[in-house]
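Each residue of the sequence shown is one higher than the last, beginning at -19 in this note's numbering.
All C-beta atoms in this analysis are idealised placements derived from N, C-alpha and C, irrespective of residue type, glycine included.
Bear in mind the structure is a predicted one, so any value in this text is a computation, not a measurement.
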Amino acid sequence: MTITLAAVAGLIIGIALGAIIAGLALMEHPRRWVVCVRLPEELHRRLRDEATDHMCSLKAEIISRLQASFSPPNGDQVVDAPRL
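Encoded structure:
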């Protein structure tokens, strides 16, 4: 009787602990995009050198250049809505 009770209690605790761990693992994380880019060696070298000069990582240099390439529209420009 005590072995059966211990087995049932262990099973219940195991299921509860598994549900908690699964819940934590499946919680929604902030959405991020992972992008893999193949760069020519010369471009990679130039970006790496610029990143070193700006005292930042290669990724930060690429992201800052990408962000700088998007300028806010002037009043004269028409911006299309993104198509889904």
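* From the DSSP output, in three-state form, read off L19 for me. => Here L19 sits in coil by DSSP.
* Helix, strand or coil at R11 according to DSSP, with G and I counted as helix -> R11 carries a coil assignment under DSSP once its states are collapsed to helix, strand and coil.
* **Bounding residues of the alpha helix (DSSP H) (the contiguous stretch that carries V51)** => The sequence given here places Ser at residue 51; Val does not occur at that position. Neither: S51 is in no alpha helix (DSSP H) and is coded neither H nor E.
* Under a three-way DSSP split, which group does H34 fall into? -> In this structure, H34 counts as coil in the three-state DSSP scheme.
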